[in-house]
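J.: Here it is: the structure, laid out below.
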Amino acid sequence: MTEVTVATATTVRGAAVSGATVSGATVERTTWDDPRVAALREAMDAEIGPRYADVLRNVAPPPLDVADVVAVFLATVDGEPVATASLKRTGAFAEVKRVFVHAHGRRRGLASALLRAVEDEARALGYAAAHLQTGFRQPEAQRLYEREGWRQVPPFGPYAGDTVVSVTYAKPLGQPLLAADVGTAVPAENDVVGAVVEQLEALDAAGVDVAFLDDAYRVPDGVVRADAPTLAAVAAHRTHRIALVPSVTTTHTEPFHLSKVVQTLDWVTRGRAGVRLTVSTDDEEAAAFGRRLAPGPDDAWAEAADVVEASRRLWDSWEDDAEIRDVATGRFIDAGKVHYTGFTGRWFAVQGPSIVPRSPQGLPRSSSRTTTPPRPRRRARWRWPTSSGHGRSTTSSGRGRG
22 MTEVTVATAT TVRGAAVSGA TVSGATVERT TWDDPRVAAL REAMDAEIGP
72 RYADVLRNVA PPPLDVADVV AVFLATVDGE PVATASLKRT GAFAEVKRVF
122 VHAHGRRRGL ASALLRAVED EARALGYAAA HLQTGFRQPE AQRLYEREGW
172 RQVPPFGPYA GDTVVSVTYA KPLGQPLLAA DVGTAVPAEN DVVGAVVEQL
222 EALDAAGVDV AFLDDAYRVP DGVVRADAPT LAAVAAHRTH RIALVPSVTT
272 THTEPFHLSK VVQTLDWVTR GRAGVRLTVS TDDEEAAAFG RRLAPGPDDA
322 WAEAADVVEA SRRLWDSWED DAEIRDVATG RFIDAGKVHY TGFTGRWFAV
372 QGPSIVPRSP QGLPRSSSRT TTPPRPRRRA RWRWPTSSGH GRSTTSSGRG
422 RG
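Read in order, the letters of the sequence shown are residues 22 to 423 in the numbering used here.
This is the structure:
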């Protein structure tokens, strides 16, 4: 049975309040003519400008009226300016401008945090979508925007006539999302893979945004069930836009295995993967695995939070450009851009790094569901809805048993 629900998309606020702290950096609201922001724009021009020297000779950028700039954010680390992003009115568009993180401030998640801040600003001003422009020789910027949910659109506003340099993106702000719970158990005489994949194809064609695939260790007599991540992988090539979010029980699943399964699914879906985490407190299930006693609910969910932390570290252990694929030298990766995770928790430790290169989303989305009485929900970091039923978010503020 497929249960369809409508939920309002939510975002975590980036750093819209002056003095907020993100990954050890302080984010403040300032002005376009702040000398610290101007210095970062100059550093951005010095880094990016040479990439276009052969195609932008004597070509001036579109003029910018400072009166159109509605918000400027600055991140500092120990007082040193390291990142900035701005929002301006460009005709009818809310345009994100000058997203830049200096080399000294990278790998802290600051670009994502600043993007969320300007998105919040645009939303507060009543815009239905935000827009931005980057260049065709900035693949790292394109990967960032696509991981953060931006999608390419035709050139807009002052870039409408540019068919060479500009790569333009848009992101809807606060729109409702349509989500479906998809059962993965069918009568034993049926083809479970075919039945579930057909459901997912139909939901995809109907415009449903997210499908949560149910899973469990046990099923009643006369019923068969397939592994939810496997079903999602099969459906990846038969669907086109729907996000596929299989359930995984963290209690008896190795964190390293969970992380690589989700990361691989993110590759085969081209960035449409997530994971819904659940736990097991059942004595019979624990006895079947024979490795541990069944934990209580508090310990089970605390362990699940550690699994999220460990998985995020594993997903983030490869830098975007770690793959070099240099045939001449036989080097597949730049070892200096693949990092150990070094996670140690109460229940397990993960050294890492991941065996899967960084996937399209970078950090695939995670949520959770439980049938125990719900606890207060923390705001999820991702913009898909939490599933129907009792649940709480287990997204934790980190990143990876392997």
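Think of the CB as a built atom: it goes at the ideal place given N, C-alpha and C, for glycine as much as any other residue.
Note that this is a predicted model, so its numbers are computed, not measured.
Which value, in whole angstroms, describes the spacing of the CA atoms of residue 102 and residue 120?
T.: Numbered from its first residue, the sequence shown carries residue 102 at position 81. Numbered from its first residue, the sequence shown carries residue 120 at position 99. Their backbone Cα atoms lie some 13 Å apart in a straight line.
J.: Where in the segment 103-172 do unbroken runs of the beta strand (DSSP E), each at least 3 residues long, occur, reported from the N-terminal end onward?
T.: The segment 103-172 contains these whole beta strand (DSSP E) runs: 114-122 and 150-156.
J.: Is residue 190 helix, strand or coil when you go by DSSP?
T.: Sequence index remark: in the sequence shown, residue 190 carries index 169 (1-based). Looking at residue 190 - three-state DSSP - the assignment turns out to be strand.
J.: Could you spell out where the alpha helix (DSSP H) holding residue 424 opens and where it closes?
T.: The requested residue 424 does not occur in the structure, where the chain is confined to residues 22 to 423.
J.: Using the C-alpha atoms, what's the distance from residue 328 back to residue 321?
T.: Residue mapping note: residue 321 aligns to position 300 of the sequence shown, counting from 1. Residue mapping note: residue 328 aligns to position 307 of the sequence shown, counting from 1. Those two C-alpha atoms are separated by around 11 Å.
J.: Around the C-beta of residue 138, are 16 or more other C-beta atoms found within 10 angstroms, so that it is buried, or is it exposed?
T.: Here residue 138 corresponds to residue number 117 of the sequence shown, with the count starting at 1. Result: buried.
J.: When we look at the beta-carbon of residue 372 and count the other beta-carbons within 10 Å, is it buried (16 or more) or exposed?
T.: Taking the sequence shown and counting its residues from 1, one reaches residue 372 at position 351. Classification of residue 372: exposed, given that the 10 Å Cβ count is below 16.
J.: Which residue spans inside the segment 306-362 form an unbroken beta strand (DSSP E) run of at least 3?
T.: 344-347 and 352-354
J.: Quick one: is residue 20 buried, meaning 16 or more other Cβ sit within 10 Å of its Cβ, or exposed?
T.: A query on residue 20 cannot be resolved here, the shown segment of the chain reaching from 22 to 423 and no further.
J.: Hey, how far is the Cα of residue 169 from the Cα of residue 382?
T.: As a working note, residue 169 is residue 148 in the sequence shown. As a working note, residue 382 is residue 361 in the sequence shown. Taking the straight line from one Cα to the other gives about 8 Å.
J.: Check whether the segment 208-217 and the segment 108-116 touch, using three or more Cβ-Cβ pairs below 8 Å as the test.
T.: no
J.: Taking only three categories from DSSP, how would you classify residue 295?
T.: Reading the sequence shown from its first residue, position 274 is the one you call residue 295. The DSSP-derived three-state label of residue 295 is strand.
J.: Label residue 82 either buried or exposed according to how many other C-beta atoms from any shown protein chain fall within 10 Å of its C-beta, with 16 as the threshold for buried.
T.: Looking up residue 82 in the sequence shown gives position 61. Exposed is the call here.
J.: Thinking C-beta only, is residue 192 closer than 9 Å to residue 172?
T.: Taking the first residue of the sequence shown as 1, we reach residue 172 at position 151. Taking the first residue of the sequence shown as 1, we reach residue 192 at position 171. In this structure, residue 192 lies closer than 9 Å to residue 172 by Cβ.
J.: Do you know offhand how far residue 132's Cα is from residue 267's?
T.: Counted from its first residue, the sequence shown places residue 132 at position 111. Counted from its first residue, the sequence shown places residue 267 at position 246. Rounded to whole angstroms, residue 132 to residue 267 spans 29 Å at the Cα level.
J.: Using CA atoms only, rank isn't needed, just tell me which of 287, 331, 274 and 324 is closest to residue 312.
T.: As a working note, residue 312 is residue 291 in the sequence shown. Ranking 287, 331, 274 and 324 by Cα distance to residue 312 puts 274 first.
J.: Is DSSP giving residue 265 helix, strand or coil here?
T.: Here residue 265 is taken as the residue at index 244 of the sequence shown, counted from 1. Looking at residue 265 - three-state DSSP - the assignment turns out to be strand.
J.: Restricting to Cα atoms, I'd like to know which of 281, 187, 214 and 190 is closest to residue 384.
T.: For this step, residue 384 is matched to residue 363 along the sequence shown. Per the Cα distances, 281.
J.: Assign residue 50 to one of three DSSP states: helix, strand, or coil.
T.: Stepping through the sequence shown from its first residue, residue 50 is reached at position 29. Strand at residue 50.
J.: For residue 398, name the three-state secondary structure that DSSP assigns.
T.: Position 377 of the sequence shown, counting from 1, holds the residue named residue 398. Summary for residue 398: the model assigns pLDDT 32, below 50, so the residue's position carries little reliability; its value from the coordinates is reported in the next sentence. DSSP places residue 398 in coil when its eight states are reduced to three.
J.: Take every Cβ of the segment 137-156, pair it with every Cβ of the segment 121-129, and state whether three or more of those distances are shorter than 8 Å.
T.: At 8 Å Cβ cutoff, the stretches do not touch.
J.: Given residue 289, which residues of its chain have a CB within under 8 Å of its CB, disregarding the five upstream and five downstream residues?
T.: By 1-based counting over the sequence shown, the position of residue 289 is 268. Within the same chain, residue 289 has close Cβ partners 254, 257 and 258.
J.: Is the beta carbon of residue 374 sitting closer than 9 Å to the one on residue 344?
T.: Mapped onto the sequence shown, residue 374 falls at position 353. Mapped onto the sequence shown, residue 344 falls at position 323. For residue 374 and residue 344, no; Cβs fall outside 9 Å.
J.: Just verifying my parser: in three-state terms, what is the DSSP assignment at residue 233?
T.: Position 212 of the sequence shown holds residue 233. Residue 233 falls in the strand class under three-state DSSP.
J.: Mind reading off the beta-carbon distance from residue 236 to residue 205? Whole number of angstroms is fine, and I expect it under 8 Å.
T.: Here the question's residue 236 lines up with position 215 in the sequence shown. Here the question's residue 205 lines up with position 184 in the sequence shown. Indeed, because the Cβ distance is near 6 Å, the residues count as touching under 8 Å.
J.: Express the C-alpha separation of residue 301 and residue 317 in angstroms, rounding to a whole number.
T.: Translated into positions along the sequence shown, residue 317 becomes position 296. Translated into positions along the sequence shown, residue 301 becomes position 280. One C-alpha to the other measures close to 9 Å.
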